[in-house]
Every structure is written in C-alpha cells, then in structure tokens.
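Right, one structure below, let's go through it.
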C-alpha cells in the first residue's frame with residue numbers, strides 16, 4: 012500500500028477514535044452496527060393509542076378456577092323430562108401426582124424406625140471400636156500383663172485368656188423391644204371358656220306303624236268311591252232319624268269318626284287351639300311389654316313440673332289393610348283388651364274397598380276377626396249389652412251389622428237402596444237404647460243431611476228419618492214459584508248421656524245443631540262453632556252440660572250447651588282429626604292432628620296449653636285420624652292414614668289424681684269430677700260477665 016493511502020486511513024481511524032472518546036463510549040467490535048440509526052418496526056394492523064390509553068394499567072386476577080373446565084355440561088332430568096345444566100363443575104386440575112410412603116416423625120411408626128436406626132448405628136460403632144483395639148494388640152509383640160501391688164506378674168492360663176479375648180471381640184447385640192400392635196385387641200370376655208350346651212331330649216311312645224301293601228286298578232278305585240258314597244248316605248240318614256233325647260244321652264267321647272271326617276283337612280277343628288298357641292307365642296315375643304305395661308311409670312315425671320310423655324307399647328297392622336286409612340276406632344265394652352278398627356279412605360278420588368278388623372292386646376301380630384267389604388268403612392260402633400254386635404257405615408251410604416258369633420264373613424243385616432240407604436257417605440253410627448218392643452236400635456248421620464233411626468225388626472232393617480238438616484237462610488226460589496232448601500251435610504253427632512231425646516249434630520258448614528228426636532223440622536239451638544267441617548262432637552262423660560268439638564280449622568273448643576260461645580278454645584297448628592275425653596277424669600282429653608302429633612290436655616293442671624305434645628308416627632307425611640281411651644288401663648290407641656294403629660301409655664303426669672292430705676280421705680267419684688270441671692267453668696263465666 013502506498014504511504015499516502017496508509018496515512019489517510021490512519022487519520023480517519025484516529026478521528027473516529029477521538030469522536031468516540033469525546034462521546035464517552037468505548038470502541039470495540041460491532042461499533043459500526045450500533046452506530047446505525049434504529050427504527051421501530053410496527054405491524055400494519057397495530058392500534059394507534061393515545062398517551063392516556065398507553066398509561067392505563069390492566070390488572071389480572073388469579074383465581075382457583077380451571078380455565079379448561081367446561082361450563083356448559085347438561086344432564087337429562089327424568090323428573091322434569093328436560094335437559095338441565097349442571098351448576099357445580101369440578102375445578103381441580105392435577106399437574107403432578109406421585110404415591111409416596113412418607114411417615115411422620117411424631118407417629119408411632121416413625122419413632123419405631125428412628126429407634127431401630129439408632130440401634131443399628133450403635134452396634135456398628137461398638138464393632139469398630141473392638142476391631143481397632145485388637146489391631147493395636149496385634150502390633151505389640153509382647154503385651155504387658157497387669158501388675159499387682161507387689162509389682163510381680165500373675166500367671167494366667169492361655170485358655171481363659173483366649174476366651175476373654177473372643178468375648179471382648181464379639182459385637183454387643185441388644186435385644187429389640189417387642190412393640191404391641193394397637194389394633195390387635197381382644198376383650199377379656201372373649202377369652203373366657205364357653206361351656207357346652209346340654210343336649211335336651213324328650214322321650215315319647217313311638218307312633219304305631221303297620222305295613223300295608225296292595226295293588227290298585229280301575230275297578231278297585233271305582234268300588235272304593237261307591238263304598239264311600241254309600242257310607243255318606245248312611246250317616247245322613249242316621250242323623251235325620253236321631254231324636255233330641257238320643258242326642259242328649261249320646262256321649263261325645265263314644266262317637267266314631269267317619270272315614271271322610273278323618274281324611275278332611277279342615278283347620279276349623281284346631282282353630283281354637285291354634286289361636287291359643289299363637290297368643291302364647293306372641294306373649295313370649297312381647298313379654299316385656301305384655302307383663303310390665305300395667306306397672307311401668309316414667310320416673311322422669313318426678314323432675315318435670317307439669318309435662319308428661321306417651322310410651323309406645325304395641326303397633327297393630329295387617330298386610331291386607333295396607334294403603335287403607337284408619338277411619339274408625341272403638342273399644343269393646345265387655346272385653347277391655349279388644350277393639351275394632353274400620354278401614355277405608357277419606358280421599359273421594361281413591362275409593363276402593365274396606366275392612367273391619369278386631370285386634371286384641373294379647374295378640375298384636377294378627378287380628379282376631381277379619382271382615383272385608385266392597386265399599387270403604389267410614390264409622391262403627393259396638394253394642395253395650397251385646398258386645399258381639401258391630402254396626403258399620405259405608406262410603407256408599409249403606410249401613411250393616413256384623414255378628415261376631417256367626418262364622419260367615421258377611422254382615423247379618425244390611426241396608427239396600429229399597430230400604431232407605433243414604434245417598435252419601437255415612438260419617439257416624441251410634442247404638443241407642445232398645446225401643447218399646449225391645450228391638451235393637453241405632454242411628455246414623457250422612458252428608459245427605461238425613462239423620463236416620465234404624466230398628467231390627469225380625470230379620471230386616473226398618474228405617475225412620477228423624478231429622479233433615481237444612482241451612483238457615485239458604486232458600487232459593489225457582490221460576491215456577493217453588494222454594495229449594497240447601498241441605499246441611501252432617502259429619503258427626505253424639506247423644507246426651509242422661510237426656511235420651513237430645514243430641515248434637517256437627518256439619519260441614521262448621522255449625523253444631525242441638526236437636527231433639529221429637530222435633531224433625533226445628534233445632535233446639537244452633538252454635539256457630541268452626542270455620543270448616545266439624546270432625547267430632549262429644550259430650551263429657553261426667554258433666555252433663557259440657558261437650559267438645561274439633562275441626563279442620565286447627566281448633567278444639569269446649570262448650571257449655573246453655574251458652575252460645577265456647578268456654579275454651581285451643582289452636583293446635585294443624586287440622587284436628589279426632590278428640591276423646593278420658594274416662595277417669597272430667598278435665599283430661601286427647602286430640603290428634605294431621606301433622607302426626609298427639610296432644611293431651613288436663614284443664615285442672617294447665618288450662619292454656621297441652622301438657623303433652625308428642626309425635627306418634629315417624630314420617631311427617633303420615634296423618635293421624637282417630638284416637639280412643641281404654642276404659643280401664645291408662646292407654647290410648649291412635650290410628651293414621653296408612654292403616655297403622657299405635658298403642659301408647661300415659662305417663663303419671665298425664666293422669667294426676669288429687670293428693671291425699673293427712674287425716675283426710677280423698678273423695679272420688681262423679682260428683683268430685685263435676686265439681687272440678689264446674690270450678691274451671693265458673694272462672695270463665697266470671698270473666699265473660701265482666702267483659
């Protein structure tokens with residue numbers, strides 16, 4: 012290169028260095044690239060934002076939701092018949108999972124492994140110490156013996172010295188402590204020895220046996236049938252020729268069974284024995300209840316001021332009466348452990364069949380008597396003097412009488428469309444005193460507004476319409492000039508205990524009429540009782556002026572029939588199905604409601620609210636329909652709309668009697684009960700007169 016050209020390039024390089032030094036930059040490799048001007052490359056579709064928009068900050072919030080989880084899952088609903096969206100979606104996203112075998116240090120297994128590792132490490136260290144000591148001894152050619160006090164060495168045999176050396180060289184092995192398993196636990200009772208059960212055997216005489224062999228053909232079989240028919244005809248002729256005297260003198264033990272009787276499989280001959288055996292088996296099954304229910308007392312009542320409880324005893328149910336409501340309950344007036352149950356339906360859209368069952372507390376598992384009917388039974392009553400007669404009212408308007416002494420399953424007497432049957436369901440029937448000719452007599456009330464007296468004359472039912480219910484002020488005129496009276500629908504009635512001709516009738520309109528058998532066109536009195544249908548009207552068994560009514564308007568009212576307004580009103584927060592007075596006290600009564608509860612009141616203890624509110628059925632959908640007190644024992648029976656009857660015992664607080672004072676005898680009897688109820692009514696009368 013020529014000198015002039017090299018000089019020019021040197022000057023250019025020096026000038027550039029000088030400029031770099033003035034600017035404070037260091038010159039290195041790639042200086043030419045950085046010295047070039049930089050220009051921002053923008054995509055053609057970039058937005059043009061202002062400075063305010065560029066300075067605006069957007070915050071992002073971290074959530075625990077899985078962005079990949081679907082949000083539009085639907086599932087088919089068979090109940091509604093459509094696809095419905097699933098509200099809850101699983102947001103869990105697993106990125107890594109590994110099954111480990113980690114054990115916490117504080118656990119029993121962790122302490123156990125730590126202890127084992129320490130033991131192994133300690134044994135290895137002791138073994139190292141022993142081996143190092145032996146190596147030191149091997150390096151010394153003449154190991155020195157221990158000197159005595161006199162400074163002389165003792166002579167030790169070689170065998171003992173070798174044995175001590177081997178023991179010293181062996182590693183120390185510590186015994187591992189046995190750890191107990193906390194799950195391997197056995198009770199002391201399971202370790203006892205069970206004695207063998209004794210073999211019980213009974214000895215009896217073996218039944219007689221005979222060997223029989225024969226051949227049979229068509230002729231022999233035919234001859235046997237002919238002989239059998241001849242024997243039957245002979246026995247029939249003998250029975251006809253027998254006189255009454257011969258029947259009396261004949262001994263039943265000498266009677267010989269005919270061949271047909273011996274071969275028959277009729278179970279009626281052993282039905283009585285089978286029933287006794289069944290009762291004994293049930294009494295063994297329910298021994299704790301059957302033997303102790305009379306003496307059971309709830310000791311918790313001592314710590315309560317006024318409240319009481321109901322103890323469940325038995326539950327009566329029958330498979331044939333499933334899905335049939337309990338429409339009537341009645342205790343037998345003679346046999347205090349026997350009660351009748353009527354089954355039907357209160358739903359007019361689901362009317363099918365009915366059943367009449369009679370249960371005994373001695374046999375809770377099966378009814379004593381079973382009667383079926385084509386129409387639902389809505390009410391029943393048992394005769395006081397003839398406890399084997401049961402009168403029932405059907406949903407189709409008929410009435411019938413069953414005789415428990417007769418073996419057949421059909422009623423002995425039954426009304427027909429020709430003999431004046433009701434046109435609507437019969438809601439209540441009641442036996443009355445016999446008429447002048449000593450014929451059996453009962454009354455019935457129905458939704459058709461008729462109250463009918465039925466009399467058993469010879470072999471048929473004769474009916475007389477006692478009264479026809481009419482709603483006051485509800486007459487409508489027809490263009491022809493005639494007047495139509497709206498018929499009152501009767502739902503319940505009850506006869507006075509002392510005045511034979513007087514009775515009360517409850518209607519669907521909520522009114523109660525005081526009627527007389529002598530007047531068929533007029534009422535003695537009218538009570539505006541309830542806002543809905545009257546379900547029950549009952550006279551007090553002790554006080555002749557007091558009666559009680561209940562309704563579906565949630566109320567129970569106690570009345571004095573001489574006063575138009577009620578004495579006591581109780582709201583039970585649900586439709587009241589039935590009420591019943593207690594037979595042992597004039598101030599105690601029970602009520603059942605459609606929410607499955609039984610309420611027991613004692614006006615002498617608390618005249619404002621019930622002293623027992625207890626659910627009887629487990630399910631909330633079950634409705635209680637009827638309740639009845641036992642005439643002797645302090646128990647009640649409660650029926651529901653599923654066909655079940657529950658027997659309950661009243662605790663001592665629900666049947667308190669007057670306390671005995673020193674030197675004074677407690678007065679008992681109807682007069683005391685009347686005075687007790689009169690005292691309460693007088694308090695109410697005084698308040699009403701003041702207001």
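Numbering (my numbering), first residue to last: 12 to 702. Glycine is no exception: its CB is placed at the ideal position from the N, C-alpha and C atoms.
For residue j and residue i, the rounded distance between their alpha carbons
{"i": "residue 549", "j": "residue 636", "result": "16 Å"}
{"i": "residue 354", "j": "residue 462", "result": "23 Å"}
{"i": "residue 7", "j": "residue 573", "result": "Look at the range of the chain in this structure, 12 to 702, and you will see that residue 7 is not part of it."}
{"i": "residue 115", "j": "residue 121", "result": "6 Å"}
{"i": "residue 779", "j": "residue 235", "result": "With the chain running from 12 to 702 in the structure shown, residue 779 is simply not present."}
{"i": "residue 332", "j": "residue 663", "result": "34 Å"}
{"i": "residue 417", "j": "residue 577", "result": "46 Å"}
{"i": "residue 298", "j": "residue 375", "result": "12 Å"}
{"i": "residue 403", "j": "residue 512", "result": "22 Å"}
{"i": "residue 760", "j": "residue 442", "result": "Outside the shown range of the chain (12 to 702) lies residue 760, about which nothing can therefore be said."}
{"i": "residue 150", "j": "residue 136", "result": "Any reading at residue 150 must be qualified, since the residue scores a pLDDT of 48, below 50, and its modelled position is unreliable; no value is offered."}
{"i": "residue 524", "j": "residue 510", "result": "16 Å"}
{"i": "residue 57", "j": "residue 113", "result": "55 Å"}
{"i": "residue 59", "j": "residue 81", "result": "36 Å"}
{"i": "residue 563", "j": "residue 415", "result": "35 Å"}
{"i": "residue 659", "j": "residue 294", "result": "18 Å"}
{"i": "residue 618", "j": "residue 696", "result": "14 Å"}
{"i": "residue 317", "j": "residue 428", "result": "54 Å"}
{"i": "residue 99", "j": "residue 76", "result": "12 Å"}
Span of the alpha helix (DSSP H), counted from its first residue to its last, around residue i
{"i": "residue 299", "result": "298 to 303"}
{"i": "residue 364", "result": "Unbroken run through residue 364: none, as it is neither H nor E."}
{"i": "residue 232", "result": "229 to 252"}
{"i": "residue 63", "result": "62 to 66"}
Three-way DSSP call (helix, strand, coil) for residue i in this model
{"i": "residue 313", "result": "helix"}
{"i": "residue 123", "result": "helix"}
{"i": "residue 134", "result": "helix"}
{"i": "residue 602", "result": "strand"}
{"i": "residue 451", "result": "coil"}
{"i": "residue 86", "result": "strand"}
{"i": "residue 439", "result": "strand"}
{"i": "residue 291", "result": "helix"}
{"i": "residue 283", "result": "helix"}
{"i": "residue 691", "result": "helix"}
{"i": "residue 341", "result": "strand"}
{"i": "residue 4", "result": "For residue 4 there is no data in the structure shown, the boundaries of the chain being 12 and 702."}
{"i": "residue 59", "result": "coil"}
{"i": "residue 697", "result": "helix"}
{"i": "residue 129", "result": "helix"}
{"i": "residue 400", "result": "strand"}
{"i": "residue 445", "result": "coil"}
{"i": "residue 754", "result": "Nothing can be reported for residue 754: it is not among the residues displayed for the chain, which extend from 12 to 702."}
{"i": "residue 330", "result": "helix"}
According to DSSP, residues forming a beta bridge with residue i
{"i": "residue 425", "result": "411"}
{"i": "residue 461", "result": "479"}
{"i": "residue 371", "result": "349, 374"}
{"i": "residue 96", "result": "85"}
{"i": "residue 522", "result": "539"}
{"i": "residue 72", "result": "According to DSSP, which records beta bridges pairwise, residue 72 is partnered with nothing at all."}
{"i": "residue 626", "result": "608"}
{"i": "residue 336", "result": "355"}
{"i": "residue 405", "result": "388"}
{"i": "residue 514", "result": "506, 526"}
{"i": "residue 473", "result": "466"}
{"i": "residue 456", "result": "439, 462"}
Interface flag, residue i vs chain D, CB-CB below 8 Å
{"i": "residue 308", "result": "Protein chain content of the structure displayed is limited to a single chain, and chain D is not contained in it."}
Where the beta strand (DSSP E) through residue i begins and ends
{"i": "residue 771", "result": "Here the chain has residues from 12 to 702 only, and residue 771 is not among them."}
{"i": "residue 381", "result": "380 to 384"}
{"i": "residue 609", "result": "608 to 613"}
{"i": "residue 506", "result": "501 to 506"}
{"i": "residue 326", "result": "321 to 327"}
{"i": "residue 637", "result": "635 to 640"}
{"i": "residue 656", "result": "656 to 661"}
{"i": "residue 651", "result": "646 to 651"}
{"i": "residue 4", "result": "Because the chain in this structure spans residues 12 to 702, residue 4 falls outside the shown range and cannot be described."}
Q: Write down every uninterrupted run of the alpha helix (DSSP H) in the segment 526 to 595 whose length is 4 residues or greater and which is fully enclosed by it, in chain order.
A: none
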